[in-house]
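Here's the structure we're looking at; comments come further down.
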Amino acid sequence: MGVVKITELRDMSVDQLEATLKEAKEKLFHLRLQARMERLDSPSELKKNKQLIARILTLKSLRELGKETNTK
0 MGVVKITELR
10 DMSVDQLEAT
20 LKEAKEKLFH
30 LRLQARMERL
40 DSPSELKKNK
50 QLIARILTLK
60 SLRELGKETN
70 TK
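According to numbering that gives the first Met the number 0, the sequence shown is numbered sequentially starting from 0.
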């Protein structure tokens with residue numbers, strides 16, 4: 000998964016966000032394994048992946064809050 004911009008994430012459906020989140024978490028797991036075995040090519044990939052996960056989770060929570068306020 001390359002660099003994903005927030006505008007691209009906003010355009011995704013909930014299912015696409017879930018799939019992207021799952022993929023990002025799996026990649027983070029593998030990056031952490033590589034880091035432990037000292038085989039990680041670029042340590043900045045860990046940070047980028049964590050930021051992607053945070054962006055997705057933030058976007059999901061904002062969407063949930065938006066739905067709650069619209070129903071009241």
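Glycine included, every Cβ here is placed at the ideal spot set by N, Cα and C.
Worksheet item: At which residues does the alpha helix (DSSP H) containing Val2 begin and terminate?
Response: Unbroken run through Val2: none, as it is neither H nor E.
Fill in: Alpha-carbon to alpha-carbon, Leu45 and Leu30
6 Å
Item to complete: Take Lys24 as the anchor and find which of Lys59, Ala53 and Thr57 has the nearest alpha-carbon.
Response: Ala53
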